[in-house]
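Asker:
Number of protein chains: 2
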Amino acid sequence: MTRKSKPAAHDRHQRAEPATTTVLTQVRELIVTGAIAPGARLAAEKIATDLGVSRTPVRSALAVLTAEGLVSHSMNRGYTVKDIGFRDVLDAIDARAVLEAKACGLSVDYGWSVEELSTLRSHVERGRAIVDAGRWSEELEREWYGANRAFHSLVIRASRNTIIRSAIRMTLIHPIFGDIARISPVVSQYVPRRLRAIPDAPPDHIVESQQDHEAVAAAIEQDDAVLAEKLMLDHTLKGKKRLISVATRR
Amino acid sequence: MTRKSKPAAHDRHQRAEPATTTVLTQVRELIVTGAIAPGARLAAEKIATDLGVSRTPVRSALAVLTAEGLVSHSMNRGYTVKDIGFRDVLDAIDARAVLEAKACGLSVDYGWSVEELSTLRSHVERGRAIVDAGRWSEELEREWYGANRAFHSLVIRASRNTIIRSAIRMTLIHPIFGDIARISPVVSQYVPRRLRAIPDAPPDHIVESQQDHEAVAAAIEQDDAVLAEKLMLDHTLKGKKRLISVATRR
DNA sequence: GGAGAGACGATTGGATGCAATTATGCCTTT
DNA sequence: AAAGGCATAATTGCATCCAATCGTCTCTCC
Numbered sequence: 034m035t036r037k038s039k040p041a042a043h044d045r046h047q048r049a050e051p052a053t054t055t056v057l058t059q060v061r062e063l064i065v066t067g068a069i070a071p072g073a074r075l076a077a078e079k080i081a082t083d084l085g086v087s088r089t090p091v092r093s094a095l096a097v098l099t100a101e102g103l104v105s106h107s108m109n110r111g112y113t114v115k116d117i118g119f120r121d122v123l124d125a126i127d128a129r130a131v132l133e134a135k136a137c138g139l140s141v142d143y144g145w146s147v148e149e150l151s152t153l154r155s156h157v158e159r160g161r162a163i164v165d166a167g168r169w170s171e172e173l174e175r176e177w178y179g180a181n182r183a184f185h186s187l188v189i190r191a192s193r194n195t196i197i198r199s200a201i202r203m204t205l206i207h208p209i210f211g212d213i214a215r216i217s218p219v220v221s222q223y224v225p226r227r228l229r230a231i232p233d234a235p236p237d238h239i240v241e242s243q244q245d246h247e248a249v250a251a252a253i254e255q256d257d258a259v260l261a262e263k264l265m266l267d268h269t270l271k272g273k274k275r276l277i278s279v280a281t282r283r
Numbered sequence: 034m035t036r037k038s039k040p041a042a043h044d045r046h047q048r049a050e051p052a053t054t055t056v057l058t059q060v061r062e063l064i065v066t067g068a069i070a071p072g073a074r075l076a077a078e079k080i081a082t083d084l085g086v087s088r089t090p091v092r093s094a095l096a097v098l099t100a101e102g103l104v105s106h107s108m109n110r111g112y113t114v115k116d117i118g119f120r121d122v123l124d125a126i127d128a129r130a131v132l133e134a135k136a137c138g139l140s141v142d143y144g145w146s147v148e149e150l151s152t153l154r155s156h157v158e159r160g161r162a163i164v165d166a167g168r169w170s171e172e173l174e175r176e177w178y179g180a181n182r183a184f185h186s187l188v189i190r191a192s193r194n195t196i197i198r199s200a201i202r203m204t205l206i207h208p209i210f211g212d213i214a215r216i217s218p219v220v221s222q223y224v225p226r227r228l229r230a231i232p233d234a235p236p237d238h239i240v241e242s243q244q245d246h247e248a249v250a251a252a253i254e255q256d257d258a259v260l261a262e263k264l265m266l267d268h269t270l271k272g273k274k275r276l277i278s279v280a281t282r283r
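These protein sequence lines map, in sequence, to chains F and V. Numbering-wise (my numbering), the first sequence opens with residue 34 and increments by one. Numbering-wise (my numbering), the second sequence opens with residue 34 and increments by one.
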């Protein structure tokens, strides 16, 4: 017995991460992806056994999710998944619009490093390549949304404003925007099924978004904070308008 | 024994509110008011005995505070109060500026009820009366800040945007803004002591803020959403500029 | 037959107990 | 005497346990 018995003794209290954190991300994922339906009760016992922990970390995680606004809580009656209505989605878009626009403007005020700028360019070019590929598919769409998300996170990070970053992450803003209308079921429930089909060419709104990204990137490269902020604001609000027009067209 | 034995039986499990919620607000208050210094460790056992509960609700509350960004957490090493720097305060002001400005614009878009408008007027007039009182005191200043807070909350509520509301409440934005520079020690630590003295007449920044409120209220009454949004944005950013000029003047 | 009261079961919120990890102090060693 | 190592103490994180509350079902009474 010369070896330390550290590596994997009991496996029970042997976590790299607190169980509360694990449960938190897991349950949040289940809610955001719609695996747990809105309005459903969140029985602590069931979640605990499902995830292989006791109720204590589950209850902690649910408290956090309540603060985040994803679930609601009634004294002695447990937790339920909040039902996110169309109005909430629009509200979240408005909130994100101003936060992200400001982040964009601040990033220019702060100044972009050459590395950041080149990363930004690569994200934009990746999106352009996908749009210009001459074809379209679920795979390409997923990829474009990947570039989209990378573009937006980079801008938000470049603002160096951690408060805005966590404000965007917080509340419903982040979950809802997983990737507008397609990935996030919270949003896609408001989009008619036929509009969710995969066409042969990139849909108009993606072409338009790609152009928006390029315009924003250009404004950033030209150090025009005011323009960059305005372009980013318009970009997000276009998404809101599109969602409204699409949702009412049933 | 004809009376119901409901009112106050054991007092132990007889809460109108979960202990987690109580602990949450209590500890948050302690942190925001500076009663617990930044960087201090938050020993669960001590907090529990101090507040007369067990460690379980305390741990839940600390998890929420971590999500809110007020405390940081290290695995197996407990929780510590996050040290909020000047940069964080400025970041929070930027975030709040755009959120509250948007809320203001949205409130006009949505439309104000006559009751809301009259409440708004009364808050503005209360502030005006205090500023015009011809004297000044700690008491008057507290009152003016009360009217200030009422004014801002009303505008935010009138936006009908619950996401923006909780975004403002969340992260550090709300605590920091308890009442700029005076009430909140998080901010006032950056303000030289001599500037915190109580003068005989209302200080310039309060007179200016009062004027701003009146201008915003006027724009709201005239249904000018764009103007109201811009005025509110400028109002908050003025506070940021003032804080910067005051903090660097040591 | 319907309404209300009461009881049972299920589930919650909180307190306590236990294993593991980290911090602290003392001792040894060079 | 300083540095390192070891043991002890303190504290964390989680599981378990218990009392209180809520929901539901049944039984009774009108």
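Glycine included, each C-beta is placed from N, C-alpha and C at the ideal position.
Using three-state DSSP, classify K271 of chain F as helix, strand or coil.
Answerer: Here K271 of chain F sits in helix by DSSP.
Asker: Less than 9 Å between CB atoms is the rule here; does R92 of chain F satisfy it with respect to chain V?
Answerer: Output row for R92 of chain F: interface = yes.
Asker: Using alpha carbons as the reference points, say which of V:G85, V:L84, V:V60, V:T82 lies closest to A73 of chain V.
Answerer: Closest by alpha carbon: V:V60.
Asker: Output yes if chain V places a C-beta closer than 9 Å to the C-beta of E78 of chain F; else output no.
Answerer: With 9 Å as the cut-off, E78 of chain F does not count as an interface residue toward chain V.
Asker: Buried or exposed: which applies to A100 of chain F, given that a residue is buried once 16 or more other Cβ atoms fall within 10 Å of its Cβ?
Answerer: Flag for A100 of chain F reads buried.
Asker: Given A258 of chain F, which residues of its chain have a CB within under 7 Å of its CB, disregarding the five upstream and five downstream residues?
Answerer: Excluding sequence neighbours, A258 of chain F sits near G138, V141, D142.
Asker: Could you tell me which residues DSSP puts in a beta bridge with S107 of chain V?
Answerer: Partner(s): V:G111.
Asker: Starting from L153 of chain V, follow the alpha helix (DSSP H) in both directions and report where the run begins and ends.
Answerer: Taken as a continuous stretch (DSSP letters only), the alpha helix (DSSP H) holding L153 of chain V covers 147-164.
Asker: With a threshold of 8 Å (Cβ to nearest heavy atom), would A128 of chain V be considered close to the ligand FAD?
Answerer: This structure simply doesn't include the ligand FAD, nor any ligand for that matter.
Asker: Exposed or buried, which one is D127 of chain V when buried takes at least 16 other CB atoms within 10 Å?
Answerer: Result: buried.
Asker: Return the Cβ separation of P160 of chain F and W145 of chain F in integer angstroms, given the expectation that the two are a contact with Cβ distance under 8 Å.
Answerer: Residue identity check: residue 160 of chain F is Gly in the sequence provided, not Pro. About 18 Å separates the two Cβ atoms, so there is no contact after all.
Asker: Give the straight-line distance between the Cα atoms of G111 of chain F and A76 of chain F, rounded to the nearest whole angstrom.
Answerer: Taking the straight line joining both Cα atoms gives about 7 Å.
Asker: Work out the CA separation of H268 of chain V and A280 of chain V for me, nearest whole Å.
Answerer: Going from the Cα of A280 of chain V to the Cα of H268 of chain V covers about 19 Å.
Asker: Would a C-beta distance cut-off of 9 Å place K273 of chain V and A134 of chain V closer than the cut-off?
Answerer: Cβ distance not < 9 Å, so K273 of chain V and A134 of chain V don't count as in contact.
Asker: Three or more C-beta pairs under 8 Å: does that hold for the stretch 157-176 of chain F against the stretch 230-243 of chain F?
Answerer: Yes, the stretch 157-176 of chain F is in contact with the stretch 230-243 of chain F.
Asker: Do we get a CB-CB distance below 9 Å when we pair P51 of chain V with the residues of chain F?
Answerer: With 9 Å as the cut-off, P51 of chain V counts as an interface residue toward chain F.
Asker: Evaluate N181 of chain F with the Cβ neighbour count: other Cβ atoms within 10 Å of its Cβ, from every protein chain shown; 16 or more gives buried, anything less gives exposed.
Answerer: It counts as buried.
Asker: How many Å lie between D245 of chain F and E247 of chain V at the Cα?
Answerer: Each residue's Cα considered, the two are about 38 Å apart.
Asker: I'd like the list of long-range same chain contacts for I284 of chain V, defined as Cβ closer than 7 Å, with 5 residues on each side in sequence excluded.
Answerer: Past the boundaries of the shown model lies residue 284 of chain V; chain V is included only from 34 to 283, so the question cannot be answered.
Asker: T55 of chain F versus chain V: which residues are under 8 Å apart at the beta carbon?
Answerer: Going along chain V, no residue has its Cβ under 8 Å from T55 of chain F, so there is no contact; the nearest lies around 12 Å.
Asker: At least one CB of chain F closer than 9 Å to the CB of A214 of chain V: is that the case?
Answerer: Interpretation of A214 of chain V is limited by its pLDDT of 49, a score under 50 that renders its predicted location unreliable; no figure is taken from the coordinates.
Asker: My understanding is that L187 of chain V touches E149 of chain V, with C-beta atoms under 8 Å, so please give their C-beta distance in whole angstroms.
Answerer: With a Cβ gap of about 7 Å, L187 of chain V and E149 of chain V count as contacting.
Asker: Given V164 of chain V, which residues of its chain have a CB within under 8 Å of its CB, disregarding the five upstream and five downstream residues?
Answerer: Closer than 8 Å at the Cβ level, and outside the excluded window around V164 of chain V, lie W177, P235, I239, V240, Q243.
Asker: Which residues in chain V have a C-beta closer than 7 Å to the C-beta of E30 of chain F? List them in chain order.
Answerer: Because chain F in this structure spans residues 34 to 283, residue 30 of chain F falls outside the shown range and cannot be described.
Asker: Closer than 7 Å by C-beta to M203 of chain V: which residues in its own chain qualify, once you throw out the five before and the five after it? Chain order, please.
Answerer: Same-chain partners within the cutoff: E101.
Asker: Could you check whether the Cβ of I69 of chain F sits closer than 9 Å to any Cβ belonging to chain V?
Answerer: No, I69 of chain F does not count as interfacial toward chain V.
Asker: Going straight from the alpha carbon of I175 of chain V to that of L228 of chain F, what length do you get?
Answerer: Correcting the residue type first, residue 175 of chain V is Arg in the shown sequence and not Ile. One C-alpha to the other measures close to 56 Å.
Asker: On the three-state DSSP scale, how would you describe A214 of chain V?
Answerer: Its pLDDT being 49, under 50, A214 of chain V is placed unreliably in this model, and the value from its coordinates should be taken loosely. DSSP places A214 of chain V in coil when its eight states are reduced to three.
Asker: Along the chain, where does the alpha helix (DSSP H) that runs through L205 of chain F open and close?
Answerer: Where L205 of chain F is concerned, there is no enclosing alpha helix (DSSP H), given that its DSSP letter is neither H nor E.
Asker: Please return the same chain residues whose Cβ sits closer than 7 Å to the Cβ of A214 of chain F, not counting the five positions on each side in sequence.
Answerer: In this prediction, A214 of chain F has a pLDDT of 48, which is less than 50 and means its spatial position is unreliable; nothing more can be read from the coordinates.
Asker: In angstroms with no decimal places, state the Cα-to-Cα distance between A162 of chain F and H106 of chain V.
Answerer: Cα-Cα distance, rounded: 43 Å.
Asker: Have a look at D237 of chain F and S278 of chain F and give me their C-alpha separation to the nearest angstrom.
Answerer: Distance between the alpha carbons of D237 of chain F and S278 of chain F: 14 Å.
Asker: By how many angstroms is the C-alpha of K271 of chain F removed from the C-alpha of I196 of chain V?
Answerer: Near 19 Å, if we compare the C-alpha coordinates of K271 of chain F and I196 of chain V.
Asker: Determine the direct distance from the alpha carbon of E78 of chain V to that of P90 of chain V, and round the result to whole angstroms.
Answerer: When rounded, the distance between both Cα atoms is 11 Å.
Asker: Let's see if you can read the secondary structure: which residues bound the alpha helix (DSSP H) around V188 of chain F?
Answerer: Counting along the chain, the alpha helix (DSSP H) containing V188 of chain F begins and ends at 171-191.
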